[in-house]
Structures are given as structure tokens and as C-alpha cells.
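Just so you know, we're using the numbering used here here: the sequence shown kicks off at 5 and counts up by one.
In this text, a Cβ means the ideal position worked out from N, Cα and C, and glycines have one as well.
A quick note: this is a predicted structure, and the numbers were derived from the prediction, not measured.
The structure appears below as C-alpha cells.
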Amino acid sequence: MIKIPAFIDSHLHFLGMGYVAYLYDLKGFGSIEALIKTIKNKPSSSQIIGRGWNQEHFKEQRMLNKHDLNQISQTIPVVMIRTCGHVLVVNDKMLEMAKIDASTVYHGTGAIDFELGIFSEDAIHLIYEAYPTPTKEDLIKYLVKANQICLANGITHVASDDFQIFPIPFEDIIDLFNECYEKDLIQVRVVEQANMRTLAMLQRFIAKGYVNKNFGKWRMGPLKLLADGSLGGRTALLKEPYSDDSTNRGIQTYANNDLYDMVALAEQHGMDVVIHAIGDHAIDLATDAIIHALEKSKRVDHCHAIIHAQLATVAQIKRMKAYNIGAIIQPIFLNSDIEMVVQRIGERSKEAYLFKSMDTLGLPVGFSTDTPIENVNPFENIYCAVSRKSIDHPTLDSYLPQEGYTVEAALSCYQERNLRYVYLDTLHDEIILDKDPRLCSVEELKNIKVLKTFIDGKMVFQETQWND
């Protein structure tokens, strides 16, 4: 046993994590046939929602489509969200509920494939807005569950994107968090990465005085924007076409001017910006927008960052360093991506997921999991950072092993270096582990257990199977 500082996760979806805990878990299915059979035999309900499927894991080697989901039910709406959260598929009943048919014209970011029932990027909100909105009691239940999950994993601070999980005004989500903290229903401290989809939403947020507002146990943090989609869903924005889809370079979620305007407005009000950017072209767009705003404001004490930056090249990393733009990375993404990255981007994969290079070249690097995209467990994340291997696919070779972290450096990214992204100078929370990560083997890292979690000296979690 050993006591160490508690963990900080610098980008996840706290409310979404609690919500997904109550959905059908689709991560373990190796075939579409097995998924259909299992979900079809579950107890009936008013709707069927699942998350976590990945076509790379299916023996059929294709995306789910509405014809598959129609086999589950033709009378109950069925929604199956891909593991990345940027793509989903629905059955005909759900299309009917959303009032979407073959004549529907969509002009937003992303796409609708009516024949297959597949939606991507912003188009998925047409589905989210069509099924019943959770009640306040439901939302509290999700926050309490997320709190429990974090504490059990030794995480006491998070930076979280919660405003776009449901079609609910951000003001209501703020009130919900405040109520939960006042009633001591949650103890994990949250810094909100305020996801504003439009300039009008951001203007409303600013006008209401929420910029950098501190509520005590939680606070408003940076503006969160998405510049592209996911690599697995082929919606990450690339400079050159996908190697396995020569007609596709991914999706640009904002016109250049719109992205510039939102970043500039945030910067004018002293609000940091964190931008989801996975593809190399998206990274350029995001970096350009931040630099453009900084060159006008001359602010140096900022905490701007790119979230993910998976395909950032050495040249892009050096450019980020020149303007002190951080990288909030997810080594755990190698768990799922390692099996398809070469297929997706070919030779470009030799200059991708350069996580150690980011650190070596001096970027402010923070570790996160983006849960519920991947498991929130810090030790699985650290394992992938150190080994550069997949937990789910252990026979696959280590991916660019020279980019692996030491255990000490990985712990630092989860603890001291993540302080930047939750606006703290120090953190006094502690956890007790069953093994010392600095002394055990690399393979043992992913199996380390949290026995106790303390916030401000008070025990807030204890592993029930462990005896003093």
C-alpha cells in the first residue's frame, strides 16, 4: 500500500459519464449479429439507448445501420451511439419520432444518411432533441453516479464539458450543479469547460456574467469548442484524404471566420479556450484561431489548449509551444485506435500520437480520458502512456514505443501538470493504492486499485473489499 496525491482529469464529460452508466454498454460486442441478439432479448422499455460500439471490433467490419436496429425493434425507438460520440445510428421508429424522412434537408455540420440511419457530428442533435429530456431527478442521479465513479478511481478534480449532453439550457445545468453541491450530493470539484455551440450562446453566457465565475466548490472555466470529429468515425479533419477513404478528409465543424470570432470574443473577456482538434488540418485551424486572438490581446497568462491533438506533427507542436498553447491528451485512446490508425492515415501514422514529443518540446501537457469515450481509470491511461499498447488488444505491437512516458512523468501529467487546467496552484487530496506504480511492472500498472480517497483530509471513498 502507498499514499500518493489524488488525480485530476483535465477533460471528460462528468454528467455524460453518469448518464452512460445507465445505458446499454456496447463496447464488448465482436459482431453485429451478437449485438442484435443480446439487446433484442433485454427487458422491454420505452426506448433503447446504447453506447460504445466500434465497427473495427465487428467481424462484419462495417458500421451499424438502421436495418440492424430494426431487427431489435420496429415499435420502440432504438439509438446506438458509436464509442467516439461523434456518430450514431437509429432505427426507423426513432427516425419517425424525430420527424426525419428521405425528404429531410440538413444544412448544418455533419451528415444524415437516411437510408442507413447514420448521423454524424452536429446532425446527431436532431436525434438527441427528439427523445425525452431527462427529468431533474434523472440528472441528479447521473451526477451522483459520476461522482461515485470518479472517487472510486482516485479522481477528486475534473475539467468537464457538460452543457451539450442534453438539449437543456446551460443555465439549468449550472443551477443543477449548484444544488448538488449545496446538498453535498457530489464532492468531486468540477471546472466547467463551457461548450457553447454558437456565437449567440457565448454572448448570452458572457452577458449573464458567467465568465470565470467561481461558485466555491466548482467554477466556470474555458470556452470549449469542437473543430472536427473523430478518427475512428472518419470525421477528424485531415489535410489529405483518409487512406481508407480517398474521397473523405473529415468534417470541419466551424467556418474559419466563425471559429475566429468565437475564440476572439472569449479572449477579449479573459476567457481561456480549449478546442477539440484531432486531425492535422483541424489542429492548424484551432491553433490559427488562438494565435490570431492572442496577437490582438497580447495576453500571456492564458491556459489555452488543444484537446486530443492526436495527429499533431512536430512542426505543429513547436508552433503551439511558441504561443504557450497546451495539449490535453488521452493516451488511453491508443487502446481503441491502435488497431486502425495505420489503416486510416497510412504513412502519416509515423508522425502521430507524439505525446512524449509534446512533453519534450515543452508543451503544457495534461492527461485526461474524455470519458465516457474511454474508461476513466487513471491507471489504464498511465499504462497506455507508458507501454504505448492496447489493453483490449494485447497481442498488437507497441505503437511508436519511443513516444512512451516514464511512470513518474505520467503521474506528473495527471497530478502537478493538470493543476493548470483546473486553475489550482496546489492540491492536497490524497489516495491510498494497493501497489506503488513506481515500483511495479508495466503490465501491473493497469490493475492497480484505489483503496481510499481523501478530499481535504476527509475520506470520501473506501474500497469495501479492503480491510485495515
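Just curious, the beta strand (DSSP E) that residue i is in, first and last residue?
| i | result |
| --- | --- |
| S164 | 159–164 |
| L16 | 11–16 |
| R392 | Taken as a continuous stretch (DSSP letters only), R392 belongs to no beta strand (DSSP E), as it is neither H nor E. |
| K228 | 222–230 |
| H280 | 277–281 |
| R86 | 82–86 |
List the whole-angstrom C-beta distance separating residue i from residue j, where the pair is believed to meet the contact cut-off of C-beta under 8 Å.
| i | j | result |
| --- | --- | --- |
| H308 | G330 | 7 Å |
| M275 | L315 | With a Cβ gap of about 27 Å, M275 and L315 do not count as contacting. |
| A106 | F118 | 5 Å |
| L455 | L437 | 6 Å |
| N260 | L289 | 7 Å |
| P368 | G158 | Between G158 and P368 the Cβ distance is about 22 Å, and since that is not below 8 Å, they are no contact. |
| T160 | A10 | 4 Å |
| Y185 | W222 | 6 Å |
| I36 | E64 | 5 Å |
| Q197 | V278 | 6 Å |
Taking only three categories from DSSP, how would you classify residue i?
| i | result |
| --- | --- |
| L92 | strand |
| T3 | Residue 3 lies beyond the residue range present for the chain, which begins at 5 and ends at 472; the question has no answer from this structure. |
| N216 | coil |
| N471 | Reliability fails at N471, whose pLDDT of 45 lies under 50, so the model's placement of it is uncertain and the value that follows must be treated cautiously. Correct three-state label for N471: coil. |
| L298 | helix |
| A115 | strand |
| M463 | strand |
| D288 | helix |
| E244 | coil |
| Y427 | coil |
| S124 | strand |
| R193 | strand |
| E100 | helix |
| A204 | helix |
| V109 | coil |
| G54 | strand |
| H432 | coil |
| N69 | coil |
| D188 | coil |
| N421 | It is Arg, not Asn, that sits at residue 421 in the sequence shown. Three-state DSSP puts R421 in a helix. |
| F181 | helix |
| Y28 | strand |
| D176 | helix |
| F474 | Absent from the structure is residue 474, since the part of the chain shown begins at 5 and ends at 472. |
| A198 | strand |
| L19 | helix |
| I311 | strand |
| I169 | coil |
| I8 | strand |
Which first and last residues belong to the alpha helix (DSSP H) in which residue i is found?
| i | result |
| --- | --- |
| K453 | Looking at the DSSP string, K453 is not in any alpha helix (DSSP H), and its letter there is neither H nor E. |
| V267 | 260–272 |
| V304 | Element bounds for V304: n/a, residue is neither H nor E. |
| M324 | 318–326 |
| A414 | 411–418 |
Residue j and residue i - do their beta-carbons sit closer together than 8 Å?
| i | j | result |
| --- | --- | --- |
| S361 | I332 | no |
| T239 | D126 | no |
| D29 | G56 | yes |
| A478 | V426 | Any answer about residue 478 is impossible in this case: the structure gives the chain only from 5 up to 472. |
| V94 | G237 | no |
| I282 | G114 | no |
| K97 | V83 | no |
| F209 | N182 | no |
| L358 | Y327 | no |
| P173 | E133 | no |
| Q320 | T364 | no |
| M266 | L229 | yes |
| T375 | H61 | no |
| I6 | I40 | no |
| Y246 | I342 | no |
| R392 | L449 | no |
| L147 | G22 | yes |
| N151 | V192 | yes |
| G34 | K70 | no |
| G366 | K325 | yes |
| N385 | P335 | yes |
| D433 | F458 | yes |
| S50 | I80 | yes |
| A25 | K187 | no |
| I295 | I310 | no |
| F167 | I177 | yes |
With a threshold of 8 Å between beta-carbons, can residue i be considered close to chain D, or not?
| i | result |
| --- | --- |
| V369 | In summary, chain D is missing from the structure at hand, where a single protein chain is found. |
#### Entry: Start-end ranges of the beta strand (DSSP E) lying completely within the segment 131–156, minimum 3 residues
List check, beta strand (DSSP E) in window: nothing returned.
#### Entry: Within the segment 328–407, ranges of the beta strand (DSSP E) (whole runs, at least 3 residues)
Scanning the segment 328–407 from its first residue to its last, the whole beta strand (DSSP E) runs of 3-plus residues come out as 330–333, 369–371.
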